[in-house]
Each structure stands twice: as structure tokens, then as C-alpha cells.
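*Asks:* Provided herewith is a single structure, encoded as C-alpha cells, for subsequent inquiry.
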Amino acid sequence: MRRIFTILLCIATCLLSVGRATASAEGQEKPRKVILFIGDGMSLAHWQTGMVMNRVPLNVNRMERIGVVQTCSLTDFNGDGPSHGTAIACGVKSRKGAVGIDATGKPAKSILAYASEQGMATGIVSANTLQEGSLSPFVAHVGSRMRVDSISAAYLEQGVDLFIGAGYGSFKDNEVNPDLLEDLRKAGYQVVLSMEAIRQAGEGKLAGFTTDGKVADIRSGRGDQFPASVRVALERLGKDPEGFLLVVGDMFVDRASHAGDVELVGQEVIDLDKAIGEALDFAEKDGNTLVVVVGGPEASGMTLVGGDLSAGRVEAKWTMPGMIHTGTMIPLFAYGAGSDAFQGFMENTDLFVKIKSWLY
């Protein structure tokens, strides 16, 4: 009975939020370029850690609007990356672990597909792999996030104009489509295997793989790979006269928080903020670009219990250590054209409704 009540409550909240989201988007300036960042696991505690450790204001401090977002899944108060990503990408609540499908298991059309139908260019950039749970729902429709080969194959099926990230192995040795890399090339994609090759790639569709193996955390030598990937994506997509939708995902703050490593949390927040800075610089020059930054289900109940502002030091504890997410509402920041619509309390499904309303 409690499970049924939870499902009905989430569905009712979604239906109410659709009306709010549509109404709030009316009358706003319509952006033709939308950049959406999803920072897995990030609550205000994570952002504050980065702000304190950076000692000077972050780029995110430049953002004009702030809201808070509920992240529950269809059946659980504590959501996860795939269910949260599905809510944002497709506007529906799903069970935990499911990618791009609705409550009945049917595929749910993503905002990336709607943007493509309207002639806009589309792109995905991942700080880690292209098969991460929060990004996968923008291209794939599968019952489990563990079906990574199906997720990889969906990039070609979706026809994403540009994607940059790791996870090359699933494209190279893909059980769903053994000819995936060759099919990408036949479809007009440049398939490149290093950050340098990504920077130097010619015009046209791009499948850019940052590394053949695992991506290092920022402390272990990842360098500026993530902000540079966002910069390349904006340089390429920004040339499309019909505008674009770029989705950017960062999973490293989430991992650092799950590991209970406050220093690494701060360093990863600062690296994500550099990528956000690339988007804000683009938006400032363009004048018709919306930038939205939203967290994912909060990682492990991080709480700040002390620190020193002058020393850039933070002390933290975790109420739910390990690979667990809490149901804490998460922050959302918005900047640029249409940002007025992203204020106050929101369901994660509201983001889909608001962005979709500007595509037509």
C-alpha cells in the first residue's frame, strides 16, 4: 500500500508541475541555444565546498537565477542517476535504474529528439563515459543502465550531431551492433580517439573519445580535458544557424562524495565550474543562449560541519556513507535567455517541460 501511495504521489506531483512549468515559460524570451549541465550527486554542500576551497567566486556565482529541484523516482523517495536523467530528458518519472522509459516500460521521447526534429544541432559531452546513468536517457531507452552496449548503439540511432567523452570500448566491441564504429563513419561521423584529435577535427558530425580507458580524477592528472571538451562542443555547435541543445554531464563530484573525500569534492567542483565558465562566456557573447546547471540525487548525505574561509578549508561528514543517494532537494542555477522560468521549487520533470515549450 505504501508503495502504491508513493507512486500515486509522484505522478500527481508531476501532473501539477507540468501546469506550473508551462505557465512559467510563457512570455519568456525564447532561447535558440540551450546548454544543460547535470552535476551528479551535487547539493548545496558540494557547491559550497568548491566555493570555499577556490577562495574567489566561482563562475556559477555569475548565474542570475536559482531554484531547487526534487529528485524522487517513480517508486522511491531517494532517486538515482538514470531515473533523474529520464525525468529531465523525457519528462516522465521512471523506476530507479531505468533509462529513457516511462512507468509502463515504453520508450519516452527525449528532449534531444524533439530538438533534432526542429532542426537544431544536438550534442552530449561527458566528463567521464558516454554511458553514464544521467546522460543515457537523452539517447537510449532500455530497462537497465547496465546495458551499456545498447546505450552506446543509441548514439547512432538518435543521430546526435556531436558527442565527446570516454567509453570507447563499448563502441569498439559492441554486442548490439558489432559494426558500430564503421556505421558511425558511414553516417558521416569523424571518429577520433584523443583530446588533441578532438580539437583538430574538421567540420561535420563528431564522435570524439577522450580516452581508450578510464578517465582519471582531477587530482590524478585529468587536466583541462573536461572544460576543453565543452569549449570544442560550443565552437562547433555554435555555428548552426538553427541553434542547438547541448547536454553536459559530470560524474566526478558524485564519486568523490561517495568516497567521503572532501578535498577531492572541492577540486572536482572547481573543474566542473571551469566547464560552466566556458558556457557562460559563450552565452554572454551570444545573447540568445540559456545555460542551466542542475545537480543529481545527492551523494551520501554530505554535511559541512566546520571549516576556515580564509584558509579555504572545509570539514565534512556523510550521514549515508558509500554508494547511496539521499532525497535532499538539489540546487538549480540558470543564466541568459529564458532563465526567469527556472526559479523556485521544481520537479525534475519540469526541466523537460520548460525547455520543450521553447522548441515550438
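The sequence shown maps to residues -23 to -1, 1 to 337 in mature numbering (1 follows the signal peptide of the UniProt record, and there is no 0).
Think of the CB as a built atom: it goes at the ideal place given N, C-alpha and C, for glycine as much as any other residue.
What does the alpha-carbon distance come out to for the pair Ile301 and Ile307?
*Replies:* Here residue 301 is taken as the residue at index 324 of the sequence shown, counted from 1. Here residue 307 is taken as the residue at index 330 of the sequence shown, counted from 1. Going from the Cα of Ile301 to the Cα of Ile307 covers about 15 Å.
*Asks:* With distances taken Cα to Cα, identify the nearest neighbour of Ala318 among Gly44, Met28 and Glu219.
*Replies:* In the sequence shown, residue 318 corresponds to position 341, counting from 1. Of Gly44, Met28 and Glu219, the residue nearest in Cα terms is Gly44.
*Asks:* Which same chain residues end up closer than 6 Å to Ala80 when comparing Cβ atoms and leaving out the 5 residues on each side of it in sequence?
*Replies:* As a working note, residue 80 is residue 103 in the sequence shown. Hits under 6 Å: Leu51.
*Asks:* Pull the bridge partners of Val153 from the DSSP assignment, please.
*Replies:* For the purposes of this step, residue 153 is identified with residue 176 of the sequence shown, where counting begins at 1. Paired residues: none, contrary to the question.
*Asks:* Terminal residues of the continuous alpha helix (DSSP H) containing Gly26?
*Replies:* If you number the sequence shown from 1, residue 26 lands on position 49. In the sequence under discussion, the amino acid at residue 26 is Thr, which differs from the Gly named in the question. Start and end: Leu21 to Asn31.
*Asks:* Under DSSP, the beta strand (DSSP E) around Arg42 begins and ends at which residues?
*Replies:* If you number the sequence shown from 1, residue 42 lands on position 65. Start and end: Arg42 to Gln47.
*Asks:* Using three-state DSSP, classify Lys333 as helix, strand or coil.
*Replies:* On the sequence shown, residue 333 is found 356 positions in, with the first residue counted as 1. Lys333 falls in the helix class under three-state DSSP.
*Asks:* Is it a yes or a no for the segment 134 to 142 touching the segment 180 to 199, going by three-plus beta-carbon pairs under 8 Å?
*Replies:* Yes, since at least three Cβ pairs between the segment 134 to 142 and the segment 180 to 199 fall closer than 8 Å, the two stretches touch.
*Asks:* Just to confirm my understanding: we take Leu257, look at its own chain, exclude 5 residues before and 5 after, and list those with CB closer than 7 Å. What are they?
*Replies:* In the sequence shown, the residue the question calls residue 257 occupies position 280. Same-chain partners within the cutoff: Asn36, Arg39, Val268 and Tyr312.
*Asks:* Do Val230 and Met97 come within 7 Å of each other at the CB atom, strictly closer than that value?
*Replies:* For the purposes of this step, residue 97 is taken as residue 120 along the sequence shown, with counting starting at 1. For the purposes of this step, residue 230 is taken as residue 253 along the sequence shown, with counting starting at 1. Their beta carbons are not under 7 Å apart, which means Met97 does not touch Val230 by this criterion.
*Asks:* Quick check on the DSSP output: the alpha helix (DSSP H) that includes Ser103 runs from which residue to which?
*Replies:* To locate residue 103, count along the sequence shown from 1; it is residue 126. Run containing Ser103: none in the alpha helix (DSSP H); it sits in the beta strand (DSSP E), Ala98 to Thr106.
*Asks:* Cα separation between Ile332 and Glu173?
*Replies:* Taking the sequence shown and counting its residues from 1, one reaches residue 332 at position 355. Taking the sequence shown and counting its residues from 1, one reaches residue 173 at position 196. If I take the Cα positions, the gap works out to 33 Å.
*Asks:* Helix, strand or coil for Asp238 per DSSP?
*Replies:* Numbered from its first residue, the sequence shown carries residue 238 at position 261. Correct three-state label for Asp238: coil.
*Asks:* At the level of alpha carbons, what is the spacing between Pro114 and Gly289?
*Replies:* Looking up residue 114 in the sequence shown gives position 137. Looking up residue 289 in the sequence shown gives position 312. Approximately 37 Å, taken between the alpha carbons.
*Asks:* Quick one: what does DSSP say Thr(-11) is sitting in, helix, strand or coil?
*Replies:* Locating residue -11 in the sequence shown gives position 13, where the first residue counts as 1. Unreliable positioning characterises Thr(-11) in this predicted model, as indicated by a pLDDT of 44, which lies under 50. A coordinate reading is not provided.
*Asks:* Let's test the definition: count the other Cβ atoms within 10 Å of the Cβ of Leu286 and tell me whether it reaches 16, buried, or not, exposed.
*Replies:* On the sequence shown, position 309 is the one that residue 286 refers to. With fewer than 16 other Cβ atoms within 10 Å, it is exposed.
*Asks:* Answer yes or no: do residue 338 and Met279 have a C-beta to C-beta separation smaller than 7 Å?
*Replies:* Since the first residue of the chain shown is -23 and the last is 337, residue 338 is not available in this structure.
*Asks:* Residue range of the alpha helix (DSSP H) that Ile175 falls in?
*Replies:* Reading the sequence shown from its first residue, position 198 is the one you call residue 175. Start and end: Met172 to Gln177.
*Asks:* Return the first residue and the last residue of the beta strand (DSSP E) that Asp227 is part of.
*Replies:* Here the question's residue 227 lines up with position 250 in the sequence shown. It spans Phe221 to Asp227 - the beta strand (DSSP E) in which Asp227 sits, taken as one unbroken run.
*Asks:* Fully enclosed by the segment 238 to 293, which beta strand (DSSP E) runs are 3 residues long or longer?
*Replies:* As far as the segment 238 to 293 is concerned, its whole beta strand (DSSP E) runs of at least 3 residues are 266 to 272 and 279 to 285.
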